[in-house]
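Heads up, the working numbering is the position in the sequence shown plus 26, with the first residue counted as 1.
Beta carbons: idealized from backbone N, C-alpha and C, even for Gly.
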Amino acid sequence: MAINIETALKEAMTSIEGAIGAALVDYTSGMALGTVGGGKDLDLTVAAAGNTDVVRAKVRTMEMLGLQEEIEDILITLGTQYHLIRLLTGRNGKGMFLYLALDRSRANLAMARHQLKTIEGGLEV
Numbered sequence: 027m028a029i030n031i032e033t034a035l036k037e038a039m040t041s042i043e044g045a046i047g048a049a050l051v052d053y054t055s056g057m058a059l060g061t062v063g064g065g066k067d068l069d070l071t072v073a074a075a076g077n078t079d080v081v082r083a084k085v086r087t088m089e090m091l092g093l094q095e096e097i098e099d100i101l102i103t104l105g106t107q108y109h110l111i112r113l114l115t116g117r118n119g120k121g122m123f124l125y126l127a128l129d130r131s132r133a134n135l136a137m138a139r140h141q142l143k144t145i146e147g148g149l150e151v
């Protein structure tokens with residue numbers, strides 16, 4: 027079943043334990059195509075732009091190394107949060123990633139990765 031951006035992000039926030047913010051980001055432009063959650067301590071538009079640089083750097087590095095692999099996700103571990111970046115692999119999702127910020131004390135990282143993959147599978151961009 028295909029779901030739209032807003033529905034996918036809301037599903038991430040409600041179905042993933044510890045989620046504090048989610049966004050769908052176009053890393054060719056750095057623009058957030060949709061956001062949910064966040065707040066004064068987590069500006070998702072700033073996070074979208076900043077994480078675009080992370081994704082671009084990793085893609086460039088893989089090209090320089092000649093690695094013929096797809097990036098599934100990138101994890102950034104902070105003292106109190108996990109930041110998970112999942113690159114979209116579907117034909118409609120090229121150049122985009124799902125960004126999820128999690129409260130580290132409440133999140134199950136393995137389950138969050140699994141759920142984000144499931145949400146990506148149903149996302150229609």
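For G64, collect the residues of the same chain with a Cβ closer than 6 angstroms to its Cβ; drop the 5 residues on either side in sequence, then sort them by chain order.
Contacts found: G47 and L70.
Per DSSP, D129 forms a beta bridge with which residues?
According to DSSP, which records beta bridges pairwise, D129 is partnered with Q107.
Count Cβ pairs between the region 85-92 and the region 114-127 that sit closer than 8 angstroms; are there 3 or more?
Between the region 85-92 and the region 114-127 there are fewer than three inter-stretch CB-CB distances shorter than 8 angstroms, so the stretches are not counted as touching.
Hey, would you say S41 sits closer than 8 angstroms to Q107, going by beta carbons?
Not a contact, by the Cβ cut-off of 8 angstroms.
Can you find a C-beta in chain B that's less than 8 angstroms from the C-beta of G121?
As a matter of chain content, chain B is missing from the structure shown, which is built from one protein chain.
CA-CA distance, A136 and D99?
Between A136 and D99, the C-alpha separation is close to 12 angstroms.
Could you tell me which residues DSSP pairs with D52 in its beta bridges?
Partner(s): M57 and M122.
Helix, strand or coil for D67, going by three-state DSSP, please let me know.
In the three-state scheme derived from DSSP, where H, G and I count as helix and E and B as strand, D67 is classed as coil.
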